[in-house]
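Read through the structure below, which is laid out as structure tokens, and then see the notes.
Number of protein chains: 2
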Amino acid sequence: MTRHERLNALLELLADAGQLSVEEAAARMAVSAATIRRDFDELAQQQMLTRTRGGAVANSVSYDLPLRYKTARHASEKQRIAAATAGIVPMGAIIGLNGGTTTTEVARVLATRPDPGGGRPALTIVTNALNIASELAVRPHVKIVLTGGVPRPQSYELTGPLAAGIFDHVTLDIAILGVTGITAEHGATCPNEDEAAVNRLLADRADQVVVVADGSKVGRRDFARICDTVTVDTLVTDETLSDEDAAAFTEAGVVVIRA
Amino acid sequence: MTRHERLNALLELLADAGQLSVEEAAARMAVSAATIRRDFDELAQQQMLTRTRGGAVANSVSYDLPLRYKTARHASEKQRIAAATAGIVPMGAIIGLNGGTTTTEVARVLATRPDPGGGRPALTIVTNALNIASELAVRPHVKIVLTGGVPRPQSYELTGPLAAGIFDHVTLDIAILGVTGITAEHGATCPNEDEAAVNRLLADRADQVVVVADGSKVGRRDFARICDTVTVDTLVTDETLSDEDAAAFTEAGVVVIRA
DNA sequence: CCCTCGATGCTCATTAATGCTCGTTTCTTA
DNA sequence: TAAGAAACGAGCATTAATGAGCATCGAGGG
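The listed protein sequences derive, respectively, from chains A and B.
So the first sequence is numbered by numbering that gives the first Met the number 0: it starts at 0 and just counts up by one.
So the second sequence is numbered by numbering that gives the first Met the number 0: it starts at 0 and just counts up by one.
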């Protein structure tokens, strides 16, 4: 049994019984108690369960629907960008997220924030990304607000007038936008005009706009324009960003973070 | 076997099993483990799968875990109910679906409909169930419209005023509602009032209301009322329904289908 | 015919995962 | 309240997986 299977099996048992002791889990999985403790600790980190002395209890009574444990891959560019981005998000903030692999990583990092207790959510995340909402729906300490709309198969982003409608009703502290292209001259862009329209609304409603993009996206320009460079407050990217590109953004008033 | 063929074969195996070990893949493809690792790494780069130590897991937003005790109990009944329900849905219809395991099965069956071609969707599905939208988002011949709102961890249903808002803008041919309780006297019920409110809107907007519920739900009454029995046109359930219960519903004008 | 280049397989140093031990913390109960 | 038991976390050794580097093979082009 692989580690991944075991973690999922633990969630299964937990969803079924509501609680699970370290000893019983060790016996069922045919591994040592130390391993089970490490597993529980990791799942607790991901807010999938709550540690108790001697065992763990289920975090949500999600009855029949599949729980999935996400394998953490180590220290990729995207994850460093995600960690750096999460660093600038204060507790209790209202965050907007669009779709994309980088923003999904950001969402995963944000989801591991500790529960502040008192029933208040550690974060409120407004997103049009179906996959992000699916992953985070089981975390009780993060409030997810999903826009409506029609999902695009490639990106899992919800688009269309129904997606736009929600933005009449919310305001955001920080919009975190993953883009496929950004230049100091043309601003942030993506290939699809429907996505761009929804992303623009996210940016419009936010006090602060953070663009996340790995080095391959910087200097690129795509078809649909999301917003201008002056709208962007912060750009989080990786070390592959050249000094001259960084200078161009800095001159345009963008804070550049190289993770 | 070319490299391209091998990558496709790996994805196929992965889609089938949900996971694949490096060793097994190497044996199946008759190549070395090193090659498989390179393949996995490349596919992971393309977000087609997720690496784990010792193998890889499928990246599909929704893959079912092989053994779920709870679902296993009613699995075949649910699938028969789902098949019977899909039988009364005409081509090209606009369907409303709420959340729950039975309606998820219905969605799966509906998604297997052949593509009519001509770019027109075989079906349009309006739903407030996050998991259903996630699963069907990749099917190009089914148009998915997701309501907005806040997901409830227990059921993956989106609720709240944002979810309700969408119903000003759509009409449905058939609403298919999974419920946790239905009686001839009290109508359809579920445990949560927010979900009930959204489900009621689905029923209101539809020409025809179909309730799906396995035998354990019939005769049960839960806290929140979704709609009255006279609103329900059809009840699809399994053979465990007693004749007297069936008669009660038939007298109330409900067509009862025992799958 | 030879050369180039990409794909593959092999070797080896590195790293993640696991189980064990031991000192410390926490709970139980006398 | 205090002693004993249970659970925990840290540290360490062992094993297996990994990834980097290098050699080989084969198709295609000059």
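Think of the CB as a built atom: it goes at the ideal place given N, C-alpha and C, for glycine as much as any other residue.
In its own chain, which residues sit with a C-beta less than 8 Å from the C-beta of A281/A, not counting the 5 before and 5 after it?
The structure shown does not extend to residue 281/A, since chain A is modelled only from 0 through 258, so no value can be given for it.
Whole-angstrom Cβ separation of T182/B and D221/B, contact assumed at under 8 Å?
Not confirmed; about 10 Å, so no contact.
Below 8 Å, how does it come out for the stretch 200-218 of chain B and the stretch 167-187 of chain B: are there three or more Cβ pairs, yes or no?
yes
What's the C-alpha gap between A251/A and R224/A?
17 Å
Applying the criterion that 16 or more other CB atoms from any shown protein chain within 10 Å of the CB defines a buried residue, is H168/B buried or exposed?
exposed
C-beta atoms of T170/B and A128/B nearer than 8 Å:
no
Looking at C-alpha atoms only, which residue of G218/B, D244/B and V125/B is the closest neighbour of L200/B?
V125/B
Span of the beta strand (DSSP E) around T84/A
T84/A -> not in any beta strand (DSSP E); alpha helix (DSSP H) instead, spanning E76 to G86.
Under 8 Å between C-beta atoms, does T249/B make it to chain A?
no
Is the CB of V253/A under 8 Å away from at least one CB in chain B?
no
Residues bridged to L122/A [DSSP beta-bridge criterion]:
V141/A
Is S61/B buried or exposed, if buried means 16 or more other CB atoms sit within 10 Å of its CB?
Since pLDDT at S61/B reaches only 40, below the 50 mark, its modelled position is unreliable, and the value read off the structure follows with that caveat. By the neighbour-count rule (16 or more Cβ atoms within 10 Å), S61/B is buried.
Going by beta-carbon coordinates alone, are G159/B and L145/A separated by less than 8 Å?
no
Under DSSP, the beta strand (DSSP E) around A174/B begins and ends at which residues?
L171 to G177
Name the two residues that bound the continuous beta strand (DSSP E) containing D206/B.
A205 to V211
Contact set between P190/A and chain B, taken where Cβ atoms lie within less than 7 Å:
Result: empty, since nearest Cβ-Cβ is about 16 Å, beyond 7 Å.
F248/B versus G214/B - alpha carbon distance
14 Å
Within the 8 Å Cβ cut-off, does I143/B reach chain A?
yes
At a Cβ threshold of 8 Å, is V149/A touching chain B?
yes
T170/A CB to nearest chain B CB: under 8 Å?
no
Between N130/A and the rest of its own chain, which residues show a CB-CB distance below 8 Å, the 5 nearest in sequence each way excluded?
G98, T103 and Y155
According to DSSP, which residues form a beta bridge with V108/A?
Paired residue(s): none; V108/A is not in a bridge.
Can you tell me whether S133/B is buried or exposed? The criterion is at least 16 other CB atoms within 10 Å of its CB, across all chains shown.
buried
Per DSSP, G54/B is paired with what?
S20/B and T51/B
What is the residue span of the alpha helix (DSSP H) that T249/A lies within?
D242 to E250
N7/B at chain A interface by Cβ criterion, 8 Å
no
Would you say I80/B and A202/B are within 8 Å of each other, going by their C-beta atoms?
no
What does R257/A pair with, by DSSP beta-bridge criteria?
T236/A
Which word fits A246/B, buried or exposed, when buried means at least 16 other C-beta atoms lie within 10 angstroms of its C-beta?
exposed
Going along chain B, which residues have a C-beta under 9 Å from L161/A?
V144, L145, T146, G147, G164, I165, H168 and V169
Quick check: is the beta carbon of T179/B nearer than 8 Å to any beta carbon in chain A?
no
Give every residue of the same chain whose Cβ lies closer than 6 Å to the Cβ of V253/B, excluding the five residues on either side of it in the sequence, and list them in chain order.
V231 and L234
Integer Cβ distance of R52/A from F39/A, believed to fall under 8 Å:
At roughly 11 Å, the Cβ-Cβ gap does not stay under 8 Å, so R52/A and F39/A are not in contact.
Cβ of A136/B within 8 Å of any chain A Cβ:
yes
R52/B: contacting residues in chain A (beta-carbon distance under 9 Å)
T1, R2, H3 and T70
Per DSSP, P150/B is paired with what?
L157/B
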